[in-house]
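For reference, the structure is listed below as structure tokens.
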Amino acid sequence: DWTADAFVESTIANLKSQLGDDKVVLGLSGGVDSSVAAVLLHKAIGTNLHCIFVDNGLLRKDEYEAVLEQYKHMGLNIKGVDAKERFLGQLAGIKDPELKRKAIGRVFIEVFDDAAHEVQDVVWLAQGTIYPDVIESVSVKGPSATIKSHHNVGGLPDFMKLKIVEPLNTLFKDEVRRVGKTLGIADVILGRHPFPGPGLAIRILGDVTAEKVAILQEADAIYINNLKEAGLYDQVWQAGAIFLPVQSVGVMGDERTYENVICLRAVESVDGMTADWCHLPYPVLAKISNEIINKVKGINRVVYDISSKPPATIEWE
Ligand code: XMP
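Quick note: the sequence shown uses the UniProt record's numbering, first residue 193, plus one each step.
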């Protein structure tokens, strides 16, 4: 029978003998998987694990600072890299979702590679790949998975020539959470909603600008904070706000406004492969809508996505 305790014990022992005194780099994303992988490796090899956390400017509001602080608090050997400008610069004018993903993937590899090169004599690249990622990256060869090119797997540039270590690649998500719990990782990290690697770039339909990112971050923060306050965050599998490139007429005092629309998405799911839209209570939706429209300049309308997957995907791009 699989238990988290036994998994932790045997994995740490295996990592110790596999890695010895080698140095390892790992890209942290703030998500559950990379966090659990980092703590496991840290227990096994201590400061020979060098974690890199890239700010691509497409994270949730204040997420970079908060997460970096949490990781440092956990004792991880971590370096934050502010690459906001570089990502936004490379995204300028790109409207196509797949081209956005490609640009972000390319810049991430460049930034990560620069940071990894600063670690002398690094031998290994650790990744938080879990079993469903392995399956999905295999199925990328099939027709359905080309719908969106996920780049969590295989994002390794050839020229880095590092050996790969993936301590979680036999586990499902719920097992990863149980391992995280055994390792003493905080619930705020283990319970965090999944968040896509390309971040808010694929929640801004059309081209991405710093201004749109700032607007979406504000709206998204209001949304997520209200879900938490209402005790709904943990019941929802994934939630996020989407910036629609649509302007509509509104009225504010005596003035006619002509501004953008924010769409709210919340889904229930087990693994993200299928999903149902959440029936959030109307009073909560009403409060979120009012708060966003009153507080976020540039938004005069909020809508709620009532589409399930399939056929609608969770993300809009
Ligand atoms: P979709 O939109 O395909 O999303 O229904 C399923 C799950 O995958 C996440 N997602 C991504 N994650 N890179 C990622 O790391 C991506 O390009 C990407 N696209 C979608 C999405 O947030 C959801 O959890």
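A virtual CB, placed ideally from N, CA and C, is assigned to each residue, including glycine.
- In chain order, W429 and A467 place their CB closer than 6 Å to the CB of S461, counting only its own chain and leaving out the 5 sequence neighbours on each side.
- In this structure, the alpha-carbon of V228 lies about 33 Å from that of Y496.
- Inclusion of Q430 in the 8 Å shell around ligand 1 follows from its C-beta lying nearer than that to a non-hydrogen atom of the ligand.
- Between the alpha carbons of A422 and S221 lies a gap of roughly 27 Å.
- In the DSSP assignment, the residues bridged to V495 are C455.
- If you draw a straight line from the Cα of L251 to the Cα of A295, it comes to about 16 Å.
- Note that the region 443-452 touches the region 488-503; at least 3 beta-carbon pairs, one per stretch, sit closer than 8 Å.
- Boundaries of the alpha helix (DSSP H) around S226: V224 to I237.
- Between the beta-carbon of F364 and that of I396 there is about 31 Å, and that puts the pair past the 8 Å contact cut.
- When secondary structure is reduced to three states using DSSP, E447 falls in the strand class.
- By the beta-carbon neighbour count (other beta carbons within 10 angstroms, threshold 16), K420 is exposed.
- The beta carbon of K404 sits closer than 6 Å to the beta carbons of I396 and F435 from its chain, once the five residues preceding and following it are set aside; these are given in chain order.
- In the three-state reduction of the DSSP assignment, E507 falls in the coil class.
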